[in-house]
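Asker:
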Amino acid sequence: MTEIHSETAPKALIRKMKLLKWLLIVSVVVIAVGISYALISSRPNITSQQRVARIESEVKCPSCDGVSALVSNTAGAFAVRSFVEKQVKAGVSDSQILNALEASYGPSILMSPPAAYGGTVMAVLPFAFLAVVVGLTVFFGFRRWRNSAGDFAWNGQQSVLESSIGDDAVAGTGVGGTEGSLDETPQDDLTRQKSLGPVRRKWLLYMGALLVLAGIGSALWIIRNHDNNQKQLAATAVQAQNEAQTILKARVLANQGQDVQALQLLSSVLEVDPNQPVALTYQGWLLTQAGEKDNNSALINQGQQFLEKAVKLDPGYPDARVFLGYVLFQDRHDANGAVSQFHAFLADKPSQSFIDATKSVIISAYKQAGQPIPLQLN
Amino acid sequence: MNAVLGQTGVLIGFVGAVFTISILGYGLLKHKAGVIRHARNYSFVVLAGAILATFAMERGLLTHDFSLAYVASNNSRETPLLFTITGMWSALQGSILLWGLVLSLYLGGLVIRTRRRPTDELPAWALLITNVVAAFFFALMLGPANPFVRISGAVPADGIGPNPLLQDHPLVAIHPPFLYLGFVGFTIPFAFALASLITNRLDEDWVTETRRWSLLAWGFLTVGIILGAWWSYQVLGWGGYWAWDPVENAALLPWLAGTAYLHSSIAQQRRGIMRVWNISLIVSAFSLTILGTFFTRSGILQSVHSFSDSTLGPFLLVFFFAVVAISLALIAWRGDGLRSSRVIAPAISRESAFFLNNVLFVLFAFVVLLGTTFPLLLQAINGAQVTVGAPYFDSFIGPIGIAILFFMGTAPLLPWQRTNRSLVQRRLVWPAVAAAVAVVVEIVEGVHSPSLIFAYPMAVFAASAALRQAAVHTMYSRKHKTGMLRYLFSRTNGGMLVHMAVAIIALALVSSTSYGQRTSLILKPGQSSSFDGHKFTYHGVQTVVTPAKTSLEALISVDGSASYTPEVSQFGNNSEVIGTPSVKPGLIDDVYLTLDLPPKTASGSATFGVVIQPLVSWIWIAGALMAVGAAIAAFGTKDISPLEYVEEELALKREEPEPEIPVAP
Amino acid sequence: MTDQLQEQTRSPKTGPRKTVRIIAVVMGVFLVGLAVLLATRKPVSMQTVASPLINKTAPAISGTSLDGKRVSLASYAGRFVLVNFFASWCTPCQDEEKALAQFSNSSPDVSVLGVVFDDVNSSAAGFLRRYGANYQAVSDPNGQIALSYGVSQPPQSYLIAPNGVILTEIVGPVSLASLNQLVGIARSRGF
C-alpha cells in the first residue's frame, strides 16, 4: 500500500492507477465468467447417495425438536434413514417418499411446511416483505429527493471537505463527526414543532393515554386472573383451559360420529382430573348411548355412574341433568326419577335449542309420571 | 435465613426502583434540577437489593439449603461446585434474578457514566426508563417467578439437581451470563432512545451517548450466541451447532436488529440521517429480547431449551406489548421532529450501502421471525402442527447472507455522500483480485453447488476488503510518526476486525455444512476402521462413577492419538440417559464422536456415530475475534484517521487540482 | 445558504411528515395481531394433534414374533386389535403393561399385538414375561413398522377395528377401564 506515500510522483501514480484499473476489470470479468461457468456446468444428476441425504435432511427425526433425520442418532432417525434408503433403491420419487411419511406422522414430520400447510405462503412472504420495503423506499424516497433537490448541490460541494475531516468507518463516541454540517437541525425542529397544532397534539396525547391505560388494564386483568404466588394454582388454571378445549374437541368429534376418538379424549381428561363434571357427563352419555345401541347393560351401568357422579359434583350443570334423566326414563323406566332430573334441568335455564332437542322425551316423561307439563316446554 | 435475606433483597430492589421512578419522575416533570440530581443515586438501592438477593441465592446453593424450593429442585449434594454456582441460572426463577442483577449493574454503570451531568434530563429520563424495566423484573420476582419460595412441608435431605443437559459441560457457566449481559444491555440504548423522544432532543446526542453501550451489549450478545452454539455442539450430540431452534432464533433476532442499528447509527452520527430508522431498530432490539424471553419461558414453542415451562408467559407478553406500543406512540408523536432535513442521495455512497445492508438485516430478521412464529400462526388457523427447520431457513438465509457479505465488503470502501470513482477503484482492486482468485480456486477444485460458488468469493472479498482498510489505516501511522499501536487499536480497526471475523464465520459455516461427512461405525474392542482419512480404533468401555453421574465411556483413538471418550451418562436419580459426544478439534477439521449404541457386554460391538466437519473450530476462533473487535470498536483509540482525507486528496489532485486543502488534525 | 436550504427541505403539508405516523399505526396493528396470536397459544406440552391414520386402514404388520413365529396383522382380521408399541426401557410402558396383559385375556374377540420399539428382543420378551403378558409381540428391527404408524415415543397404541380400520390412537400409557370402554363404544357403532 505504498501508493499513499508516492504523492510526490504523480506520473508514476497515474500509471499505477491505470494498472489497478485493469486489474479490477480483469478480476470482475474472472469472477463473472467463473461463476457462470460453474453454474452452467453444475451437475444436475446427483448420486443416489446424495439424493438419500437430501431427502433425509427434509425429514424431522420423529422424537426430536427440529433436528433432521439425517443428523440425529435416535432410533426414530435410524428408522427414517433405512426407510428412505430402501425407497430410493426401489425407485420411488422424492415426493412420494415424503408423502408416505407425512401420511403416517402428519405434516410436522417434514422439516419445512408442505404447500398444503402454508409452505407456499411462507416461501412468498419474505419476497412480499422485501417488495413492500423497496416499494416504500422508492415511493417516499422519490418524494423526498424531489423535495430536496437543492440539498445535493449544497452537499456536493461540502462532501469532500466533510469526509476529509471525519474519520473512517466507525465513528467513535466522542467524535460525532457532525462538525457544522448539522447546525440547521435544531432550528428545524423548532420550526416544525410550532407547526404541530395544539389540537392535534391533544388528540395524540389522548390516544397515547388510552393506549397506556389499555395496556395497564389488560396487565391488571391478566395479573388478577393469575394466581401470583402459587405456581400450582396457576398450573391448574392453564390445565383447566386445556381441559375445556379437549372436552370441546371431544364433543365435536362425538357429533361427527367419531365416538371412539371422543371417548379417548374424554378419558385422557378424566385421567388427569377424575372429577371433571363436563368430561364425566359426556363420557357417561357416550357410554349409555353405546350401551343402548348394543344392548350392553354393563356400558349403560358405567355411563349412569358417570352421569350420577357428574350431577353430584355439579348439581347446576344442565347437560348432566338432562342426560341422567334421559337414561333414567329410557333405560330404567323410572319416570319419577327422570322427572326430578328434568325439573332440575329446566330450572337451570338451558338454551332454547337444547330444550327443543330434548323436548319430546321430557314431555313423555312428565306425562308418564302424571305430572303437569312445565310451561317452558310449550 | 437465605429465604428472608433473598426476599428482602428483592423487595429492596423493587421498592428502590419504584422510589427512583417516582422521585426522578417528579423532578423531571417539574424540571427541578436538585431533585433530579438527588434521585439519580437511588438507583444504587436497586443495585444493593439485587446484590443482596444474588448473595442469598448463591449462599443457599452453596450451603445446599433445601428449604428453598429453587435450591431443592436445581441442586443436590452431589452436584459439583461449578454447577452448584451455575445453578442460579439453571431454571426460570434464578434466571430472572440474574436478569435483575445484570440490569442493576447496568443501572449503576449508567449513573456513574453520566455523573458529570447530574441535572441533564436526557440521561435522567434514560435512567428512569431503565428503572421501570428493573421494577418490572423485580415485580416478577415478587410474584410469579419468586426465587425464594420456601418448600412446603419437611425439608428434603437431598435435592433433585439441575437438568442433566445443564450439568454436562462447563460452558453452562458462561453462556447464559453472556447472553443475559447482551440481552439486558440493550435496555440502555433503548432507554436513551425513548428519553430523546420524551425530551424532544431528537438530534444525534442519544446515538453518540449510547454508542459504547450498544457495542457492549452487542459484543456480549455475540459472545453469548456463539458460546451457545459451542455448547450445543459439545453437548447435544448431533454434530451441529445451529438448528434454527426457536430459542436460538430468539437470541438471533435482537442481535440482527442490534447489528443493523450499530451501522445505521454511524450514518446518523456522521450525517444526521436515518433517525426514525435508528429509534425503530433499537426499540426492536430491546423488545425482541423480551419477546425472545417470552418464547423461552412460555413453552409455546417446541425447543431444546424448554427446561422450564412457566406461568410467566402472560406477564412477559403484556410487557412486550406495552414496550412496543409506548415506543410506537412516542415515535408517532414526535414523528415530525424526527424527520431529518437530509436524505440519502440516490447515489453509490456509504450511507446508501448502509441502508441496503440494513434492509437486508431487517429481511433476515423477518425471515427468522416468520419461521419461528409460523407454526403458531398455522395452528391458530387450522390446528395443524408443522415444523419449520433448517431447509426453510437455509434457503432464504443463504442468499441474504451472501448479499450481506457483499455490502459488508463494499460499504467501508465507499465514501460518504457520493462516489469518488478513482478512490473506490483503488480500494476495490485487491479485494476484487482476492475474490477472483477464490473463484479460480473453486473452479479448479470443482465446486458446483450454486450457494458455494457465491459464498466463498464473497466471504473472501469481505474479509480482504476489511483487511485492506485496517492495514492501510494502521500503516498510515508511519506517515504521522506516531506509534503504530495507536492506529492498530483504533475504533475503525475494531469494526474491521469484526468484519473479518464474520467473513471467517461465513467460510466456516459454509464449509462445515457443505463438506461435512457422517457415518456409523460398528466396532468390536481392538478393531479399527477408517473413514474420510481418519483411522478409528476402539479399545473398550469403562464405567466411571462420580457422585453426580454414572457414565459408560467408550475409549476410542483417532489417527493413533490419545483416546477420546464418547459416553452415555445417567445423572443422579434422573432416569434419563444422556449421550455426551467427544470432539477432536482441529484447525482443518473436527472429528466428532458419539456412542450411539453402547455394547451389551464388555467384548461386544459398539456403534459409534462419526461426524467429520471442516473448519468448525474457526467459528469459535472468529467468535473470540468478534468479541475483541467489538471491544476495540468501543474502547479503542479515537479515530482521528485522516485516511479518507489522504486518499481523497490524492484523488483530487489528479482530477481537479485545488490549491488549498486543510491539513488533517 | 442555510436559509435557502431550509426553504427547500421544508416539506409541503401533504408531504412525508405523515409517513412516520402512518407507518407507526400500521406497525401498531401488526403488533396487536401478534400479541393476540401469542396470547392465545397454549404450551406445546399440552397440544395434541390427532394422527392422520385415524379412520384409515391400518398399515400392514408382518414379521417375526419374539418366540420366532411369523406374525401378521391380517391374521387378526375379525377381531379388535390393540397394536401396542413398547420397549423394556420405557418407564410408562411398565405402568401400562399389567392392564395390557389383562385386556388381551378379557374377551375372545379382543387381541393385543405388541411391537418392539428400539429394544433388544430378549429384553422385550423378558419384559412381557415379567408382567404375564401372553400375547404376541413382533420385533421391528429397523423401526419400519413404527414408522408406518407414525410412532415417535413409546408407549403408543392403536385400536384397530375388526374390519382393519384404525379407530383411535393412544399416546402414553393405557388403562384397562378406558380400553374396555373404547371397545364397547366401538361395538355399539357397529364395528
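Chains as they are written, first to last, in the numbering used here: chain E, 1 to 378; chain G, 1 to 665; chain Z, 1 to 191.
Don't be surprised by glycine CBs; every beta carbon is placed ideally from N, CA and C.
Bear in mind that the values here come from a model prediction, so they are computed numbers and not experimental data.
Compare the C-beta of G/Trp666 with all C-beta atoms of chain E and state if any pair is closer than 8 Å.
Answerer: The structure shown has nothing for residue 666 of chain G, since chain G only spans 1 to 665.
Asker: Within the 8 Å Cβ cut-off, does Z/Gln94 reach chain E?
Answerer: no
Asker: At what residue ranges does the stretch 39 to 122 of chain Z contain a whole run of the alpha helix (DSSP H), taking only runs of 4 or more?
Answerer: As summarised for the stretch 39 to 122 of chain Z, the continuous alpha helix (DSSP H) elements at least 4 residues long and confined to that stretch are 91 to 106, given in chain order.
Asker: CB-CB under 7 Å to G/Leu428, same chain, minus the five flanking residues each way: which ones, in chain order?
Answerer: Apart from sequence neighbours up to five positions away, the residues of its chain that approach G/Leu428 with a beta-carbon distance below 7 Å are Leu413, ordered along the chain.
Asker: Along the chain, which unbroken stretches of the alpha helix (DSSP H) at least 4 residues long are found entirely within the stretch 266 to 352 of chain E?
Answerer: 277 to 294, 297 to 313, 318 to 330 and 335 to 347
Asker: Could you give the first and the last residue of the continuous alpha helix (DSSP H) run that contains G/Asp205?
Answerer: Secondary structure note for G/Asp205: its alpha helix (DSSP H) is the uninterrupted segment Asp205 to Val235.
Asker: Hey, out of G/Val558, G/Ile588 and G/Leu597, whose CA is closest to G/Val577's CA?
Answerer: Of the listed residues, the one whose Cα sits closest to G/Val577 is G/Leu597.
Asker: How is G/Ser327 classed by DSSP in three states: helix, strand or coil?
Answerer: helix
Asker: Which value, in whole angstroms, describes the spacing of the CA atoms of G/Leu552 and G/Thr519?
Answerer: So the two alpha carbons sit approximately 21 Å from each other.
Asker: Note down the Cα distance separating Z/Gln153 from E/Ser63, rounded to an integer number of angstroms.
Answerer: Distance between the alpha carbons of Z/Gln153 and E/Ser63 is about 6 Å.
Asker: Do you know how far the Cα of Z/Ile145 is from the Cα of G/Val151?
Answerer: The sequence given here has Ile at residue 151 of chain G, not Val. Those two C-alpha atoms are separated by around 46 Å.
Asker: Can you tell me the Cβ-Cβ gap for G/Phe136 and G/Phe364, rounded? I've got them flagged as a contact below 8 Å.
Answerer: That belief does not hold up - the Cβ atoms of G/Phe136 and G/Phe364 are roughly 29 Å apart, past 8 Å.
Asker: Find out if the Cβ-Cβ distance for the pair E/Met17, G/Phe374 is shorter than 8 Å.
Answerer: no
Asker: Taking the alpha-carbon positions, what's the E/Ser164 to G/Pro415 distance?
Answerer: Residue placement at E/Ser164 cannot be trusted, given a pLDDT of 35 that sits under 50; the coordinates are not used to answer.
Asker: Could you say which of E/Asp259, E/Lys21 and E/Val71 lies nearest to E/Ala53 if we only look at CA atoms?
Answerer: E/Val71
Asker: So, with DSSP's three-state summary, where would you put G/His499?
Answerer: In this structure, DSSP gives G/His499 a helical state, which the three-state scheme calls helix.
Asker: Report the neighbours of E/Glu56 on chain G: residues whose CB is nearer than 7 Å to its CB, in chain order.
Answerer: Here the premise fails: no neighbours, minimum Cβ distance about 11 Å.
Asker: With distances taken between CB atoms, is the gap from E/Phe329 to E/Ala335 smaller than 8 Å?
Answerer: yes
Asker: Hey, could you find the ends of the alpha helix (DSSP H) G/Ile404 is sitting in?
Answerer: Ala390 to Thr410
Asker: Checking the sheet assignment: what are the DSSP bridge partners for G/Ile443?
Answerer: Note: G/Ile443 sits in no beta bridge, so no partner.
Asker: Can you tell me where the beta strand (DSSP E) holding G/Ser530 begins and where it ends?
Answerer: Ser528 to Phe531
Asker: Rounded to whole angstroms, what's the CA-CA distance from Z/Arg70 to Z/Ser62? Just pull it up for me.
Answerer: 7 Å
Asker: Can you find a C-beta in chain G that's less than 8 Å from the C-beta of Z/Val171?
Answerer: no
Asker: Name, please, each residue of chain Z whose Cβ falls closer than 8 Å to the Cβ of G/Leu376.
Answerer: Leu37, Leu38 and Arg41
Asker: Taking the straight line between their C-alpha atoms, what separation do you get for E/Tyr105 and Z/Thr91?
Answerer: 23 Å
Asker: Would you report the Cα separation of Z/Arg41 and Z/Gly78, rounded to the nearest angstrom?
Answerer: 42 Å
Asker: Taking Cβ-Cβ distances shorter than 7 Å, what residues in chain G pair up with E/Val30?
Answerer: Ala436, Val439 and Val440
Asker: Of the choices Z/Ala161, Z/Ser51 and Z/Ser178, whose alpha-carbon is the least far from that of Z/Ala186?
Answerer: Z/Ala161
Asker: Tell whether a beta-carbon distance below 8 Å holds between G/Ala411 and E/Ser27.
Answerer: no
Asker: Can you pull the chain G residues whose beta carbon is under 8 Å from the beta carbon of Z/Val49, in chain order?
Answerer: Gly383, Ala384 and Gln385
Asker: Counting only C-beta atoms, is Z/Ala186 closer than 8 Å to chain E at any point?
Answerer: yes
Asker: Tell me which residue opens and which closes the alpha helix (DSSP H) that G/Val4 is part of.
Answerer: Asn2 to Leu29
Asker: Roughly how many angstroms separate the alpha carbons of G/Pro525 and Z/Phe117, rounded to a whole number?
Answerer: Going from the Cα of G/Pro525 to the Cα of Z/Phe117 covers about 27 Å.
Asker: Restricting to Cα atoms, I'd like to know which of E/Tyr366, E/Asn295, E/Pro277 and E/Ile362 is closest to E/Leu307.
Answerer: E/Pro277
Asker: Measuring only the C-alpha atoms, how far is G/Ala470 from G/Leu215?
Answerer: 19 Å
Asker: Would you be able to state if there are at least three C-beta pairs under 8 Å between the stretch 41 to 61 of chain G and the stretch 15 to 23 of chain G?
Answerer: yes
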